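Residue numbers (our numbering), protein chains in the order written: chain C, 1 to 245; chain H, 1 to 245.
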DNA sequence: ATTTATAGTGTTTAAAAGACACTTATAAAG
DNA sequence: CTTTATAAGTGTCTTTTAAACACTATAAAT
């Protein structure tokens, strides 16, 4: 008895239970672009694959959707399993489906991106030795269509960071104006005018300036700020406020 | 011999061929939100399901991904099969995956939206009697998570139409300024100032004003315009031009 | 010739974005 | 203690873009 016959038997028996007959099933992968910001540079977390196919090459982290979870949960699980991190900003990006995108097996990949404050989370939790933070600019070639995914994630991050307060997810809770500006300069990949940037940010009126200073950055030190999420949400709700940089 | 046993045998035999062992497979559906613009109103194409589950209820059109095609191709095929239309603007929107979203069977749905000029395409091609163009504002409740999909599609269309020349996909090749304004008013669901709108559009400098007039709209008649796609693309390439309404 | 319905047309004001340079606070060095 | 070095902090003017606003023009129908 051949494998295919056996599958047919199983399928046919199973189908009595289902409405959608004879449709093809596929493997659903979840791949994650993990962005981190480290003082001056935007980085992504990559791994050197220690399994086939494409063993030894650089890749995004990923996993497979399980029957009893939705995609958001799968993305959270993948991130948690491989980095130990939880309670992280994640967002679905796009679904990739080229027929031969994965030479191992027909696989569709739903891509997510995550934003992490590299400093605040100690990375003892990283479950894989082969994972490294790599500057976006120096990123190596990745397997499959992962480069395409990263490009789309950067475009999304760029757009989204200009219209939503997600940049703060990449910063420590307390940050200086210069850090915030550095972050936006990294995301947009261009220099911004310091005075215009600060005026802009202040006009949004969603930061709280602390008395505390960060003395590591200069002789003079720089005041620390925090993002006032409650205030932001209240403004959105009450005045239809639009975060816009 | 139970079905599950049989499946296990088949699976195990099969796995020698595959890299990714013991991962769950799922059904991948493709659902389409089809937008049409009919003189004054933004509409979507809906069907009354004549099959289980949820037979008799309103739904988006959809189908299932096949082994030998990617998602874009599946979306094109679904649209073609059910409406006879091809060469239509389509774009992937989002992937929906709630565990119990489809009571029939565990199904993940990748959602697309399409933009159609209702007038230009004669709908003799429509393959299903049960399909109807329904004004967005009067749309009935849809099955599963289809309402959520439509909401997201509207949001996407709104954003995208403000920053890309996709609105023209919803209009006849030749259109009046008023039609274009009506379209944007429908998409944004708010009134726009006629003079400001025309000034804005003219400043973009991507329309060609024809000598021809549409005499059906008023005694005076209204000049017809066409979108100059070549000019637009040249501007984008050469000057980094940004379509922005 | 008059009516009627919609097309077509500019200017002024307000708001937002962009360009631009000097002073200040503090720690470290001497 | 004085000097020095370093990045922080701060405002104004100009340009561009968005928004408010109302009358005239055209052609068909009567």
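We put the beta carbon where it would ideally sit given N, CA and C, even for glycine.
Given the structure is predicted, the values throughout are model-derived calculations rather than measurements.
Worksheet entry | Amino acids of chain C, ordered along the chain, whose beta-carbon sits closer than 7 Å to that of residue 175 of chain H | Going along chain C, no residue has its Cβ under 7 Å from residue 175 of chain H, so there is no contact; the nearest lies around 29 Å.
Item to complete: Taking residue 98 of chain C as the query, report the chain H residues whose CB atoms sit under 8 Å from its CB, ordered along the chain.
Response: 70
Worksheet item: Is the CB of residue 206 of chain C under 8 Å away from at least one CB in chain H?
Response: no
Worksheet item: Nearest to residue 172 of chain C by alpha carbon, out of C:201, C:214 and C:148?
Response: C:214
Worksheet item: Under a three-way DSSP split, which group does residue 206 of chain C fall into?
Response: coil
Worksheet item: Does residue 27 of chain C get closer than 8 Å to chain H when you measure Cβ to Cβ?
Response: yes
Item to complete: Mind checking which residues open and close the alpha helix (DSSP H) that includes residue 120 of chain C?
Response: Premise fails: residue 120 of chain C is in no alpha helix (DSSP H) and is neither H nor E.
Worksheet item: For residue 80 of chain H, which residues of its own chain have a beta-carbon under 8 Å away from its beta-carbon, when the five flanking residues on both sides are left out?
Response: 86
Discussion item. What I want to know is whether the C-beta of residue 99 of chain H ends up closer than 7 Å to one or more non-hydrogen atoms of the ligand NAD.
Written reply: In terms of ligand content, the structure shown is empty, and the ligand NAD therefore cannot be addressed.
Worksheet entry | Interface flag, residue 113 of chain C vs chain H, CB-CB below 8 Å | no
Worksheet entry | Contact set for residue 201 of chain C: own chain, Cβ-Cβ below 8 Å, skip 5 residues either direction | 177, 180, 207 and 245
Worksheet entry | Under 9 Å by beta carbon: chain H residues contacting residue 65 of chain C | 23, 24, 26, 97 and 108
Item to complete: Note down, in chain order, every chain H residue with its Cβ under 8 Å from the Cβ of residue 92 of chain C.
Response: 94 and 95
Item to complete: Report the residue from C:113, C:49 and C:243 whose alpha carbon sits nearest the alpha carbon of residue 141 of chain C.
Response: C:49
Item to complete: Would you mind working out which of H:105, H:42 and H:147 sits nearest residue 188 of chain H, comparing C-alpha positions?
Response: H:42
Worksheet entry | Cα-Cα separation, residue 169 of chain C to residue 78 of chain C | 19 Å
Practice prompt. Given a cut-off of 8 Å, decide if residue 185 of chain H and residue 191 of chain H are closer than it, judged by their beta-carbon atoms.
Written response: yes
Practice prompt. Just the C-alpha distance for residue 99 of chain H and residue 106 of chain H, rounded to the nearest angstrom, thanks.
Written response: 6 Å
Worksheet item: Hey, would you say residue 64 of chain C sits closer than 8 Å to residue 23 of chain H, going by beta carbons?
Response: yes
Practice prompt. Buried or exposed for residue 217 of chain C, please, with buried defined as at least 16 other CB atoms from any protein chain shown within 10 angstroms of its CB.
Written response: exposed
Item to complete: Starting from the C-beta of residue 175 of chain H, find all residues in its chain whose C-beta is less than 7 Å away, skip the five residues before and the five after it, and write them out in chain order.
Response: 224 and 225
Worksheet item: According to DSSP, what are the bridge partners of residue 36 of chain C?
Response: C:43 and C:116
Worksheet item: DSSP state of residue 28 of chain H, grouped into three classes?
Response: strand
Item to complete: For residue 153 of chain H, count neighbouring Cβ atoms within 10 angstroms of its own Cβ and tell me buried if that reaches 16, exposed if not.
Response: buried
Worksheet item: Between which two residues does the beta strand (DSSP E) carrying residue 92 of chain C extend?
Response: 89-96
Worksheet item: What are the start and end residues of the beta strand (DSSP E) that includes residue 79 of chain H?
Response: Not the beta strand (DSSP E): residue 79 of chain H falls in the alpha helix (DSSP H), residues 71-83.
Worksheet entry | Contacting residues, own chain, Cβ-Cβ under 7 Å from residue 130 of chain H (five flanking each side not counted) | 47, 48 and 50
Item to complete: Check whether the Cβ atoms of residue 75 of chain H and residue 112 of chain H lie closer than 8 Å to each other.
Response: yes
Worksheet item: Would you call residue 2 of chain H buried or exposed, if buried means 16 or more other Cβ atoms sit within 10 Å of its Cβ?
Response: Low local confidence applies: a pLDDT of 38 at residue 2 of chain H is under 50, so the model's placement there is unreliable, with the coordinate-based value given in what follows. Burial call: exposed.
Item to complete: Can you grab the Cα-Cα spacing for the pair residue 73 of chain C / residue 167 of chain H, in whole Å?
Response: 35 Å
Worksheet entry | residue 62 of chain H and residue 114 of chain H closer than 8 Å at C-beta | no
Discussion item. Cutting at 6 Å between CB atoms, please list the residues of its own chain near residue 103 of chain H, excluding the five before and the five after it.
Written reply: 53
Worksheet item: Would you call residue 97 of chain H buried or exposed, if buried means 16 or more other Cβ atoms sit within 10 Å of its Cβ?
Response: buried
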